[in-house]
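Novice:
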Amino acid sequence: MSTIQIKPELLHALTALQGDSFTVAMLTTYYLDRPESPHRSKKPARQFVYRNMVRLMKAGLMEKLPDDGGWPKYQLTQKFRSQYSSLKKPASALSTLPPKAAPPVKALAKAKPKKIQPKKPVAALRERLSKHRSDMLCALGEAEEYESLCKELPEFSEEAQSLYAEARERSALLLGKIKALESLLSSNNLR
964 MSTIQIKPEL LHALTALQGD SFTVAMLTTY YLDRPESPHR SKKPARQFVY RNMVRLMKAG
1024 LMEKLPDDGG WPKYQLTQKF RSQYSSLKKP ASALSTLPPK AAPPVKALAK AKPKKIQPKK
1084 PVAALRERLS KHRSDMLCAL GEAEEYESLC KELPEFSEEA QSLYAEARER SALLLGKIKA
1144 LESLLSSNNL R
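To convert a position in the sequence shown, counted from 1, into my numbering, add 963.
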């Protein structure tokens, strides 16, 4: 039987997120926060984390949750939790996991808003800021498309106009959230 090897710094990040849903960016942040992490920049770390997430999903140790309109979310399965519920491995050792699939854990229909964890508040704020920026760009693109549809297809103008207004309101709300997070991060020299 072949095994999957997981670097201890990634395994530590995974166990820190046990029981919660998380994005690739969140797991990457936890991974980069480990002092023994060999990656120093975000892009190669994210690529490494994602490759390992794919391997864990194939082994039945992680699952992708149903799409809720935002960034894809993932969760560790019961199989992972049962094998690593009391993990106390030395940081230098490689861990191995058997590749057999487990039945998927029931995903939550709607993810609950996550509380900022006290040990990583800056990373959580940056993650939230990044998500709001991405959502705002999406809302602005949506508004631009509705505007061009109003000009190109006047028969849909009334419906497109109301959707355009909703998209603009959403982008304005997101801009307020972005400014609040940026102010908080810059006022505390956290950027």
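Glycine residues also receive a C-beta, built at the ideal position from the N, C-alpha and C atoms.
#1: For Ser1097, which residues of its own chain have a beta-carbon under 6 angstroms away from its beta-carbon, when the five flanking residues on both sides are left out?
#2: Buried or exposed: which applies to Tyr1013, given that a residue is buried once 16 or more other Cβ atoms fall within 10 Å of its Cβ?
#3: Tell me the rounded alpha-carbon separation between Ala1106 and Ser1093.
#4: When we look at the beta-carbon of Lys1163 and count the other beta-carbons within 10 Å, is it buried (16 or more) or exposed?
#5: Could you say if the segment 967-975 and the segment 993-1011 meet the contact criterion of at least three C-beta pairs nearer than 8 angstroms?
#6: Report the three-state DSSP secondary structure of Gln968 (helix, strand or coil).
#7: Considering Cα atoms alone, identify which of Met1020, Met1099, His1095, Leu1126 is closest to Glu1108.
#8: Counting along the chain, where does the beta strand (DSSP E) carrying Lys1197 start and finish?
#9: Give me the Cβ distance between Gln981 and Leu1039, rounded to the nearest whole Å; I'm assuming they're in contact under 8 angstroms.
#10: Could you tell me which of Pro1029, Lys1005, Ala1143, Leu1116 sits nearest to His1095, measuring between CA atoms?
#11: Please work out which residues of its chain come closer than 7 angstroms, Cβ to Cβ, to Ala1123, disregarding the five sequence neighbours upstream and downstream, and give them in chain order.
#12: Grouping DSSP H, G and I as helix and E and B as strand, with all else coil, what is Leu1039?
#13: Rank Asp1031, Ile1141, Leu1019, Ile967 by C-alpha distance to the C-alpha of Glu1090 and give the top, closest one.
#14: Have a look at Lys1027 and Arg1131 and give me their C-alpha separation to the nearest angstrom.
#15: At the level of alpha carbons, what is the spacing between Pro1001 and Leu1138?
Specialist: Quick answer:
#1: Take Ser1097, set aside five residues on each side of it, and no residue of its chain has a beta-carbon closer than 6 angstroms to its own.
#2: With fewer than 16 Cβ atoms within 10 Å of its Cβ, Tyr1013 is classed as exposed.
#3: Distance between the alpha carbons of Ala1106 and Ser1093: 20 angstroms.
#4: Examination of residue 1163 is not possible in this model, given that the chain is present from 964 through 1154 alone.
#5: In the pairwise beta carbon analysis, the segment 967-975 is classified as touching the segment 993-1011: at least three pairs are separated by under 8 angstroms.
#6: DSSP places Gln968 in strand when its eight states are reduced to three.
#7: With distances taken between Cα atoms, Glu1108 lies closest to Leu1126.
#8: Since the displayed the chain opens at 964 and closes at 1154, residue 1197 lies outside it and no answer follows.
#9: At roughly 6 angstroms, the Cβ-Cβ gap stays under 8 angstroms, so Gln981 and Leu1039 are in contact.
#10: Measuring from the Cα of His1095, the nearest candidate turns out to be Ala1143.
#11: Here the set comprises Tyr1109, Leu1112, Cys1113.
#12: It is a strand residue.
#13: Among Asp1031, Ile1141, Leu1019, Ile967, the Cα nearest to that of Glu1090 belongs to Ile1141.
#14: In this structure, the straight-line span from the alpha carbon of Lys1027 to that of Arg1131 is close to 31 angstroms.
#15: Taking the straight line from one Cα to the other gives about 35 angstroms.
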